[in-house]
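Numbering (the working numbering), first residue to last: 488 to 854. Here a beta-carbon is modelled for each residue, glycine too, at the ideal position from N, C-alpha and C.
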């Protein structure tokens, strides 16, 4: 069997990480006050540029009326109509300041995807026009909580994404803590910002949850200047448990969200910081930093992989072995174990790996 067929670590770590995320998601739902919650993509993943592109109308406003929620075994989608008073439009032309928006007023008793609106809700809407009414563009992120704070842009600014960016920045001054977090999260999901200056100001916030949201937003935007601060955040926090109850454990849940951003990094310029993370005392950051370092696949990381063969965590040791094998070019290396074999005798196989690296691997790396 070739080495490439044995590259199990990414799948293994991804499985462990997703188990944690799925556990978190379900516990979040159990902690919700409304029984019609349903598993959805994790918070913080709103594809705002795509939503903006796919929508004919993007606006924010208050639901002035929505019929009460009902339940049925297999209801049709978007059977209810809510009245929405719009006070800011980012894209599209409004027929009036009051529009009709379709939503799910009848929910499946067993749970299912839904867009729920209630009288008094203030939301950001991504909509498409359909037979005289507006329908959510997609079923998960078309209706988002947002601050009521608005900006006053000059008439020369007409780009919808820029207008939304300015309103989200205005929301950073909201007195409601949740609205501030919503604004930070969505700024991070804009894909690109004209300026990150307003976000950077909040890196000095006394609230660690605000700071963690800012770190996540900056990482999503590809700004890795916050990585040292992310390392300090992990060092200052107790290890996040596998089971989280929301909103009590919101700060601990940010460890999973930040770690997921670290594992996505492919920028070799921040490799030294990622290599520091490989020796964090927090397993979650070691696992995800290891995945990023393996993806970058730089010879600079060889001594770090070699040292990680001594890690107490079997997954980390297996990943370090795979990292060294990748740097040497892989190929058909007969002693390389499957995950199951490695898990049974990790000391044996890490010793084989050290011997192979010292006698063969280094030479292959040099060439």
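Cut-off 6 Å between Cβ atoms - residues of its own chain near residue i, not counting five sequence neighbours on either side
i           : result
residue 808 : 840
residue 706 : 748
residue 843 : none
residue 543 : 579, 615, 616
Per-residue burial, residue i [other beta carbons within 10 Å of its own, 16 or more giving buried]
i           : result
residue 672 : buried
residue 833 : buried
residue 613 : buried
residue 730 : exposed
residue 825 : exposed
residue 715 : exposed
residue 769 : buried
residue 846 : exposed
residue 676 : buried
residue 797 : exposed
residue 799 : exposed
residue 607 : exposed
residue 791 : buried
residue 577 : buried
residue 652 : buried
residue 654 : buried
Span separating the alpha-carbon of residue i from that of residue j
i           : j           : result
residue 508 : residue 743 : Confidence at residue 508 is low in this model, with a pLDDT of 37, below 50, so the placement of that residue is unreliable and no value is reported for it.
residue 727 : residue 586 : 44 Å
residue 574 : residue 551 : 12 Å
residue 779 : residue 761 : 8 Å
residue 644 : residue 621 : 25 Å
residue 681 : residue 553 : 36 Å
residue 532 : residue 588 : 23 Å
residue 835 : residue 789 : 20 Å
residue 811 : residue 848 : 8 Å
residue 718 : residue 766 : 11 Å
Close beta carbons around residue i, own chain, < 7 Å, minus the five adjacent residues each side
i           : result
residue 660 : 636
residue 785 : 755, 758
residue 584 : 572, 573
residue 701 : 671, 686, 689, 690
residue 803 : 773, 774, 777, 795
Strand pairing of residue i, partner residues [DSSP]
i           : result
residue 617 : 620
residue 595 : 559
Neighbourhood of residue i by C-beta distance below 8 Å, restricted to the same chain and skipping five residues each side
i           : result
residue 596 : 558, 559, 560
residue 738 : 695, 696, 699, 724
residue 801 : 829, 830, 833
Unbroken stretches of the beta strand (DSSP E), 3 residues or longer, contained in the segment 619-692:
For the segment 619-692, whole beta strand (DSSP E) runs of length 3 or above, ordered along the chain, are 620-623, 630-632.
- Query: Whole alpha helix (DSSP H) runs in the segment 728-795 with 4 or more residues, listed along the chain?
  - Reply: With a minimum length of 4 residues, the continuous alpha helix (DSSP H) runs that stay inside the segment 728-795 are 737-750, 758-764, 770-783, 789-795.
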